[in-house]
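One structure is given here, and the rest of the page talks about it.
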Amino acid sequence: MTLLSDGPGRARRWLALGRCHLLSWLTVLESLVGIAAVGAVLTLPVGIGFVLVTPAATALRRMSDRARGWAGRWSGVTIDPPDSLPASGAPSRPLRSMAILGAQGFWRDLAWAVVDPLVGGLLVAVPLCLVWYGAFGVLVQPFLWPVLGPDNWYAFIPVDGTVTMLAALVLGAAFVALGVLCAPQALRLHARWTRALLTAPGTPH
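Per our numbering, the sequence shown starts with residue -15, numbered consecutively.
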């Protein structure tokens, strides 16, 4: 019985890898929403920001709520929700925008959207890159090495013959195995990182 063929454990590891893939897409979306939120705040002095802050903050909260939910369901890491954003019934857009800017939860969401794509994105990228690079060694190198020529390298192996091609194949399989094995831990670390960013100061974990 191998590391990748132990029934339920194997399924959990592959499921964790798929969830890392979903989180990688979430980091892309949250970075875009974060950029929009920063732009809304920066355009407040010219008045446009009063129109943009509310939808940007709402979209940002949806993204962070998704991250909180996934951390809880996938890793058992509970992240207390922040206070709700000011209600849409505020007397005017400027007043509601200022109320949003006065909410600590908005700034935590914004900091999360700016920082998480770098750190959290790197955490979930590690198993994904290992698997994709390993798959290249297993599925591509055996067939394309004669075409790629003498300058073809796979990691530290110069793939210029049958023996080195087989070595690249074995190394690629090892990369795939390592990526799948570390996916659950990467998922747990990402959940804890998310909790560190989105939990209000002084809240017990």
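Just so it is clear, CB atoms sit at the ideal spot from N, CA and C, and this is done for glycine as well. Quick caveat, the model's predicted, so the values are computed rather than measured.
message: Beta-carbon within less than 6 Å of Ala175's beta-carbon, same chain only, minus the 5 sequence neighbours each way: which residues are those?
response: Locating residue 175 in the sequence shown gives position 191, counting from the first residue. Within the same chain, Ala175 has close Cβ partners Ala55, Ser59, Val61.
- prompt: Start and end of the alpha helix (DSSP H) containing Ile19?
  reply: Within the sequence shown, the letter at position 35 stands for residue 19. That run of the alpha helix (DSSP H) goes -8 to 26.
message: Spatial neighbours of Leu173 within its chain, please: C-beta separation below 8 Å, excluding the five flanking residues on both sides.
response: Against the sequence shown, residue 173 aligns to sequence position 189. Around Leu173, the same chain offers Leu107 as residues with beta carbons nearer than 8 Å, after the five sequence neighbours per side are excluded.
- prompt: Thr146: buried (16+ other C-beta within 10 angstroms of its C-beta) or exposed?
  reply: As a first step, residue 146 is located in the sequence shown; it is residue number 162 there, counting from the start. Thr146 is exposed by the Cβ-count criterion.
query: Considering only residues of the same chain and omitting the five flanking positions on each side of Ala51, which have a CB-CB separation below 6 Å?
result: Taking the first residue of the sequence shown as 1, we reach residue 51 at position 67. Cβ-Cβ distances below 6 Å link Ala51 to Thr178 in the same chain, with the five nearest sequence neighbours on each side left out; the list follows chain order.
- prompt: Taking all protein chains shown into account, do 16 or more other C-beta atoms lie within 10 angstroms of the C-beta of Phe127, making it buried, or fewer, making it exposed?
  reply: Your numbering for residue 127 matches position 143 in the sequence shown. Phe127 comes out exposed.
message: Buried or exposed for Ala67, going by 16 or more other Cβ atoms inside 10 Å?
response: Here residue 67 refers to the residue found at position 83 of the sequence shown. Here the sequence assigns Asp to residue 67, which means Ala is not the residue at that position. The C-beta of Asp67 has fewer than 16 other C-beta atoms within 10 Å across all chains shown, which makes the residue exposed.
message: Can you tell me where the alpha helix (DSSP H) holding Ser81 begins and where it ends?
response: The sequence position of residue 81 within the sequence shown is 97, counting from 1. Residues 77 to 85.
- request: Verify whether the separation of the beta carbon atoms of Ala97 and Gly18 is less than 8 Å.
  value: As a first step, residue 97 must be located in the sequence shown, where it is residue number 113. As a first step, residue 18 must be located in the sequence shown, where it is residue number 34. Here Ala97 is near Gly18, since their CB atoms are less than 8 Å apart.
message: Please report the distance separating the alpha-carbon of Leu6 from that of Ala167.
response: Residue mapping note: residue 6 aligns to position 22 of the sequence shown, counting from 1. Residue mapping note: residue 167 aligns to position 183 of the sequence shown, counting from 1. Taking the straight line joining both Cα atoms gives about 12 Å.
field: Inter-residue spacing [alpha-carbon to alpha-carbon] between Val124 and Val103
entry: Numbered from its first residue, the sequence shown carries residue 124 at position 140. Numbered from its first residue, the sequence shown carries residue 103 at position 119. Each residue's Cα considered, the two are about 30 Å apart.
query: The alpha helix (DSSP H) spanning Gly89 covers which residue range?
result: Within the sequence shown, the letter at position 105 stands for residue 89. Here the alpha helix (DSSP H) through Gly89 covers 88 to 123.
message: Tell me the rounded alpha-carbon separation between Thr42 and Asp93.
response: Here residue 42 refers to the residue found at position 58 of the sequence shown. Here residue 93 refers to the residue found at position 109 of the sequence shown. The straight-line gap from Cα to Cα measures roughly 10 Å.
query: What separation, rounded to the nearest whole angstrom, lies between the Cα atoms of Met(-15) and Val122?
result: As a working mapping, residue -15 is identified with position 1 in the sequence shown. As a working mapping, residue 122 is identified with position 138 in the sequence shown. Model confidence at Met(-15) stands at a pLDDT of 39, short of 50, so the residue's coordinates are unreliable; what they give is reported in the following sentence. C-alpha separation (whole angstroms): 21 Å.
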